[in-house]
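Chemist:
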Amino acid sequence: MKNDQSKKVKILIIEDEESLVDLLVAKLKKEGYEVDSSLDGESGFKKISSFSPDLILLDIVMPKMNGYEVLEKMSEENIKIPVIIISNSGQPVEIEKTTKLGAVDHLIKTEFSAADVLEKVKKCIHADGTIACPVKNAPAPIAKEDVNVKKLNIKVALVEDDPFLREICSKKLAKEGYTVYEAIDGQQALDTVKKVKPDIVLLDIILPAIDGFQILHELRQNPDKAIATVPIIMLSNLGQDDDIKKAMEMGANDYLVKAHFTTEEIAEKIKKTLGN
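So the number in our numbering is just where the residue sits in the sequence shown, counting from 1, plus 158.
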């Protein structure tokens with residue numbers, strides 16, 4: 159039975175999938191919550207000040223301003239409202255980053271039900287609007303250049319077309335002291351490796367135009383020994399055994415499964431592969 163006091167609790171949903179928003183709004187209103195919504199991050203952030211929610215449900219992948227940017231702006235302006243992330247993938251790197259930015263909990267789109275949402279909401283905030291879960295002070299966004307980082311003189315080519323994953327990995331590796339060269343597709347990857355001759359390559363399998371297997375083949379067949387023998391770690395979306403077996407047979411040194419790894423594990427895998 160719902161508590162009449164729950165009408166005082168205001169929830170803001172920032173999510174670009176209208177059907178999901180409609181479902182969540184209907185369910186939360188039925189439970190007595192006052193609900194508002196925005197279909198992009200920019201308008202959603204503005205609505206935080208105009209609507210003054212007690213709790214925010216926040217998507218990551220959105221137009222105009224993504225969920226990471228919303229969390230960063232909230233931190234910059236010292237806005238301490240509990241945020242539950244609505245994650246597309248539930249990848250550890252995504253959860254790791256949003257938690258560091260101050261999110262208090264997470265929901266994975268492919269897995270949650272309306273009942274799960276209510277359970278998370280009630281766990282996070284009481285019927286009278288008092289916060290039941292601690293709101294962390296999020297650290298400032300990681301600077302692209304940190305003068306205190308000890309440079310390792312190791313070049314890493316990061317070949318990944320997912321902008322969020324690429325940014326997270328790149329920042330982590332830069333923080334560890336690596337010099338990172340990014341590529342977003344197969345041709346750019348081949349050009350980057352030939353130009354900078356990295357010490358190691360992180361190579362996504364699924365890429366536009368030229369996939370990771372073809373890139374792996376071309377690198378291993380390159381007449382330049384430095385390129386042909388460069389250590390390569392494959393990034394597999396789901397960790398399919400056939401893909402991993404094929405990559406290893408073609409000359410990959412190791413692999414990581416996107417759905418499972420954290421940025422710490424990426425750094426450790428690089429150290430292990432390079433023998434550091």
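Heads up, the beta-carbon is just placed ideally off N, CA and C, and yes, glycines get one too.
Mind checking which residues open and close the alpha helix (DSSP H) that includes V228?
Modeler: In the sequence shown, residue 228 corresponds to position 70, counting from 1. Where V228 is concerned, the enclosing alpha helix (DSSP H) stretches over G225 to E234.
Chemist: Are the Cβ atoms of E192 and K222 separated by less than 8 Å?
Modeler: The residue labelled residue 192 in the question sits at position 34 within the sequence shown. The residue labelled residue 222 in the question sits at position 64 within the sequence shown. No, the Cβ-Cβ distance between E192 and K222 is not below 8 Å.
Chemist: My output table needs one value for V279: the three-state DSSP class, helix, strand or coil.
Modeler: For this step, residue 279 is matched to residue 121 along the sequence shown. Helix at V279.
Chemist: Check S196 in the structure and name its three-state DSSP category.
Modeler: Against the sequence shown, residue 196 aligns to sequence position 38. In this structure, S196 counts as strand in the three-state DSSP scheme.
Chemist: Starting from A386, trace the alpha helix (DSSP H) in both directions and tell me its first and last residue.
Modeler: Looking up residue 386 in the sequence shown gives position 228. From DSSP, the alpha helix (DSSP H) with A386 extends over K383 to A386.
Chemist: Indicate whether D343 and L365 have their beta-carbon atoms separated by less than 8 Å.
Modeler: For the purposes of this step, residue 343 is identified with residue 185 of the sequence shown, where counting begins at 1. For the purposes of this step, residue 365 is identified with residue 207 of the sequence shown, where counting begins at 1. D343 places its beta carbon less than 8 Å from that of L365.
Chemist: Among K185, I373 and C327, which residue has its Cα nearest to the Cα of E426?
Modeler: Numbered from 1 along the sequence shown, position 268 holds the residue referred to as residue 426. If we check each option's Cα against that of E426, C327 comes out closest.
Chemist: Taking the alpha helix (DSSP H) that L178 belongs to, which residues open and close that run?
Modeler: Here residue 178 refers to the residue found at position 20 when the sequence shown is read from its first residue. Unbroken alpha helix (DSSP H) run through L178: E176 to K188.
Chemist: Does DSSP classify M406 as helix, strand or coil?
Modeler: Position 248 of the sequence shown holds residue 406. M406: helix per DSSP, three-state reduction.
Chemist: Kindly give me the distance between the Cβ atoms of D194 and D174, rounded to whole angstroms, as I take these residues to be in contact under 8 Å.
Modeler: Numbered from 1 along the sequence shown, position 36 holds the residue referred to as residue 194. Numbered from 1 along the sequence shown, position 16 holds the residue referred to as residue 174. Not confirmed; about 15 Å, so no contact.
Chemist: Alpha carbon to alpha carbon, how far is K352 from A405?
Modeler: Sequence index remark: in the sequence shown, residue 352 carries index 194 (1-based). Sequence index remark: in the sequence shown, residue 405 carries index 247 (1-based). For K352 and A405, the gap between their C-alpha atoms comes out near 20 Å.
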